[in-house]
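J.: Can you read through this structure? Questions will come right after.
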Amino acid sequence: MTTPARYSRLAIFPHADLEKLREKRILIVGAGGLGAVCADILTRLGAGKIVIFDYDTLEMENLNRMIYKTEQVGMKKVEALKEYLNHVNPDVEIIPYPLDITGDGHEAFIKELEKSDIVLGCVDSFGVRMFINAKCVELKKTYVDGGTSLDGIRGSVHTIIPGKTACYRCHVVSQKTDYPVKTEGHETGTCHAVSLPTTMGIIAALECQEALKILLGFGNTVPYIIYDGLNGTMNVVNWKRNPRCQVCGKKGKERMDKRKFEELENIDELFEKLM
Ligand SMILES: [Zn+2]
């Protein structure tokens, strides 16, 4: 069988068979500056199915993010993104959910999570990251989380393979006080944070690169990558699992039900105050 022309330069990639991506179902949470670019990259790679959750509506203020167009302002981000991706590569099935994974979309999110091969976190909230992390650990799904700093020039990518690498909570929350720990290069953004398309593009591409390696089994998994755009550096941190972690540790496993999530929202506020 001959390779379709659109994949010809991918088919000669020597480290893995990229065609295997056709069998993969990828879940992206967040369709902002990171999520839209991740979806674009994965669509061009010819992923099988891409499921995207985001309840936001596209506003003029979002147009500094890549992918979105002026005439799409007012549309749900996931619908605008699907419209674009269908033009990029009609082979890829895009499944949009204009829902909140911690609210009206909770049930749909869990169902999709169970079916997915990997999760890409592209959110701007510490609490939501903690929530996705806990659910991914519980359901044993690999979670690649991306984030950029409040000043827009630094970012990080965190890869969580349940049972193997440190989970998000292992090192961003103090095991003694349960409060977030300030970690250089790991500030979470908020909707008021700077969003620079350069940094967003770099972090989204790094997230996809890590996801590709895990999905297709090549290269080395990197638990934590820190990018510093001011100095043009990229560092790798080999985080170790915290045996006392409340999510992935041996003792005291917690389940993130909705009540627990309210507590996480408080952590989110605390975390922002620390920044
Ligand atoms: Zn952990």
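To get our numbering, take the position in the sequence shown, counting from 1, and add 979.
Glycine included, every Cβ here is placed at the ideal spot set by N, Cα and C.
Quick check: what's the CA-CA separation for Arg988 versus Glu998?
T.: Taking the first residue of the sequence shown as 1, we reach residue 988 at position 9. Taking the first residue of the sequence shown as 1, we reach residue 998 at position 19. Going from the Cα of Arg988 to the Cα of Glu998 covers about 11 Å.
J.: Check whether the segment 1048-1063 touches the segment 990-1005, taking contact to mean three or more Cβ pairs, one atom from each stretch, closer than 8 Å.
T.: With a cut-off of 8 Å, the segment 990-1005 and the segment 1048-1063 do not count as touching, because too few Cβ pairs lie within range.
J.: Just to confirm my understanding: we take Tyr986, look at its own chain, exclude 5 residues before and 5 after, and list those with CB closer than 8 Å. What are they?
T.: On the sequence shown, residue 986 is found 7 positions in, with the first residue counted as 1. Correct list, in chain order: Leu997, Glu998 and Gly1025.
J.: Per DSSP, Lys1091 forms a beta bridge with which residues?
T.: Here residue 1091 is taken as the residue at index 112 of the sequence shown, counted from 1. Reading off the sequence, residue 1091 comes out as Glu, not Lys. BP columns for Glu1091 are empty, so no partner.
J.: Nearest-angstrom Cα distance between Leu1099 and Val1008?
T.: Sequence index remark: in the sequence shown, residue 1099 carries index 120 (1-based). Sequence index remark: in the sequence shown, residue 1008 carries index 29 (1-based). Taking the straight line from one Cα to the other gives about 6 Å.
J.: Residues in the same chain with beta-carbon distance under 7 Å from Val1102, minus the five sequence neighbours each way, listed in chain order, please.
T.: One-based indexing of the sequence shown puts residue 1102 at position 123. Closer than 7 Å at the Cβ level, and outside the excluded window around Val1102, lie Val1008, Gly1009 and Arg1108.
J.: Considering Cα atoms alone, identify which of Ile1089, Ile1132, Gly1125 and Ile1031 is closest to Thr1138.
T.: As a first step, residue 1138 is located in the sequence shown; it is residue number 159 there, counting from the start. Comparing Cα positions, the closest option is Gly1125.
J.: Could you compute how far the alpha carbon of Val1116 sits from the alpha carbon of Tyr1122?
T.: Mapped onto the sequence shown, residue 1116 falls at position 137. Mapped onto the sequence shown, residue 1122 falls at position 143. The straight-line gap from Cα to Cα measures roughly 8 Å.
J.: So Leu1037 and Gly1012 are in contact, right, with Cβ under 8 Å, and what is the actual spacing, rounded?
T.: In the sequence shown, counting from the first residue as 1, residue 1037 sits at position 58. In the sequence shown, counting from the first residue as 1, residue 1012 sits at position 33. At roughly 12 Å, the Cβ-Cβ gap does not stay under 8 Å, so Leu1037 and Gly1012 are not in contact.
J.: If we ignore side chains and look at the alpha-carbon of each, how far apart do Cys1187 and Val1215 end up?
T.: Taking the sequence shown and counting its residues from 1, the one referred to as residue 1187 is at position 208. Taking the sequence shown and counting its residues from 1, the one referred to as residue 1215 is at position 236. Approximately 16 Å, taken between the alpha carbons.
J.: Measuring CA to CA, which of Glu1002, Met1045 and Ile1132 is closest to Lys1094?
T.: Taking the first residue of the sequence shown as position 1, residue 1094 is located at position 115. The shortest C-alpha separation from Lys1094 is found at Glu1002.
J.: Any residue with its Cβ nearer than 5 Å to a heavy atom of ligand 1 should be included. What is that list in chain order?
T.: This criterion selects Cys1146, Arg1148, Cys1149, Cys1224, Val1226 and Cys1227.
J.: Do you know how far the Cα of Met1039 is from the Cα of Glu1050?
T.: Taking the sequence shown and counting its residues from 1, the one referred to as residue 1050 is at position 71. Taking the sequence shown and counting its residues from 1, the one referred to as residue 1039 is at position 60. When rounded, the distance between both Cα atoms is 10 Å.
J.: Between Met1045, Glu1072 and Leu1000, which has its C-alpha nearest Ile1029's C-alpha?
T.: Taking the sequence shown and counting its residues from 1, the one referred to as residue 1029 is at position 50. Closest option to Ile1029, Cα to Cα, is Glu1072.
J.: For the beta strand (DSSP E) that Ser1135 lies in, which residues bound it at each end?
T.: Working through the sequence shown from its first residue, we reach residue 1135 at position 156. Segment Arg1133 to Ile1139, the beta strand (DSSP E) holding Ser1135.
J.: Is it true that the CB of Leu1185 sits closer than 8 Å to the CB of Val1136?
T.: Here residue 1136 refers to the residue found at position 157 when the sequence shown is read from its first residue. Here residue 1185 refers to the residue found at position 206 when the sequence shown is read from its first residue. Contact flag set, yes.
J.: Starting from Glu998, follow the alpha helix (DSSP H) in both directions and report where the run begins and ends.
T.: Sequence index remark: in the sequence shown, residue 998 carries index 19 (1-based). First-last for Glu998: undefined, no H or E at that position.
J.: Considering only their Cβ atoms, is the gap separating Phe1032 from Ile1089 smaller than 8 Å?
T.: On the sequence shown, position 110 is the one that residue 1089 refers to. On the sequence shown, position 53 is the one that residue 1032 refers to. For Ile1089 and Phe1032, no; Cβs fall outside 8 Å.
J.: Could you check the C-alpha separation between Ala1183 and Gly1014 for me, to the nearest Å?
T.: Locating residue 1183 in the sequence shown gives position 204, where the first residue counts as 1. Locating residue 1014 in the sequence shown gives position 35, where the first residue counts as 1. For Ala1183 and Gly1014, the distance between alpha carbons rounds to 7 Å.
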